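All remarks here apply to the structure that follows.
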Amino acid sequence: MELLLVALGSCTGVDVVSILKKKREDVIGYKVEVRGLRRAEHPRSYQRMEVHHIVTGRNIAERSVAQAIELSEDRSLLQIRRFSSAPGRRLPARQARTASL
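All residue numbers for the sequence shown refer to our numbering, where the first residue is 34 and numbers rise by one.
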């Protein structure tokens with residue numbers, strides 16, 4: 034099941050960076066941290082997933098980062114809901130931190 038977290042981090046990471054480049058943002062660095070909380074009893078599906086995006090670059094607009102994360106989250110949620118214990122809930126909690134150089 035940990036591979037699901039790896040897949041989520043990989044897919045959202047590629048999406049966010051790609052979207053920011055299309056917006057012509059000067060991204061120098063990007064890091065994604067993903068954590069999940071699983072149910073204690075079977076089926077041991079994820080109850081909660083957290084995705085933390087760390088973006089560095091020159092004069093990056095926070096609004097652009099937020100939009101990129103939201104677009105990526107919408108795409109990822111379609112796949113995540115297949116594996117979640119609560120298909121109607123929004124599972125990933127997202128955070129973003131930007132730093133300008």
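Glycine included, C-beta positions come from ideal geometry on N, C-alpha and C. Since we're looking at a predicted model, the values are computed, not measured.
Residue 93 sits in coil when the DSSP states are folded into three classes, being neither helix nor strand.
With fewer than 16 other Cβ atoms from the protein chains shown falling within 10 Å of its own Cβ, residue 35 counts as exposed.
Under the three-state reduction of DSSP, residue 35 is assigned to helix.
DSSP places residue 77 outside both helix and strand once states are collapsed to three, so it counts as coil.
Per DSSP, residue 68 is one residue of the beta strand (DSSP E) stretching across 59–71.
Beta-bridge partners assigned by DSSP to residue 102: none are found. Inter-residue distance for residue 77 and residue 68 is about 15 angstroms (C-alpha atoms, whole angstroms).
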